[in-house]
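In the numbering used here, the protein residues as written are 117 to 288.
Notes follow the structure.
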């Protein structure tokens, strides 16, 4: 344990030790070790541990978000969510084919009146992979991945809605 005398002595020598050259540091360590009767390594640790002023790290500024700019806003995700709910929470492959039809149905029922026509056009042209990525963020999907349940029987629905399959081959 460091007693009161050693603490005061340490505080006195810290400023000298930090500012001095290598040769002067050796002399300061020698004097400190003679007065406190501690080993040299202990003295070095004590003198380096004490700071004159606390280090204040600069606050990181939040700059621009890295990566590509977000193309689809919350408005587009809300429209896609409404289409997904209307479809009975089907997979993205089948939902992409039916999005234009669902948007027409939602427009007839008046559920997408507050949305602009530009937003509706953007949602109509969303790619399949983007729809998959957006659907993964919906709350029901997050919970279903945590608590898996038995498959619901949408087999008749899956037979009626085709999947666009492009396996990288060019169709001539």
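Built from N, CA and C at the ideal position, the CB exists for glycine as well.
{"query": "Cβ-based neighbour list, residue 208, same chain, cut-off 7 Å, excluding 5 preceding and 5 following", "result": "244, 247, 248 and 251"}
{"query": "Validate contact between the stretch 227–246 and the stretch 188–195 using beta carbons, cut 8 Å, 3 pairs", "result": "yes"}
{"query": "Nearest to residue 161 (by Cα), restricted to the options 126, 181, 147 and 178", "result": "126"}
{"query": "C-alpha gap between residue 175 and residue 196, whole angstroms", "result": "38 Å"}
{"query": "Short CB-CB distance (under 8 Å) between residue 235 and chain B", "result": "Here chain B cannot be found, since the structure has a single protein chain."}
{"query": "Environment of residue 129 [buried if 16+ CB atoms lie within 10 Å]", "result": "buried"}
{"query": "Check: residue 224 C-beta below 7 Å from any heavy atom of the ligand FAD", "result": "Questions concerning the ligand FAD fall outside what the structure shown contains, since it holds no ligand whatsoever."}
{"query": "N-terminal and C-terminal residue of the alpha helix (DSSP H) that residue 250 is part of", "result": "244–251"}
{"query": "Assumed close pair residue 156, residue 149 - CB separation to whole angstroms, cut-off 8 Å", "result": "6 Å"}
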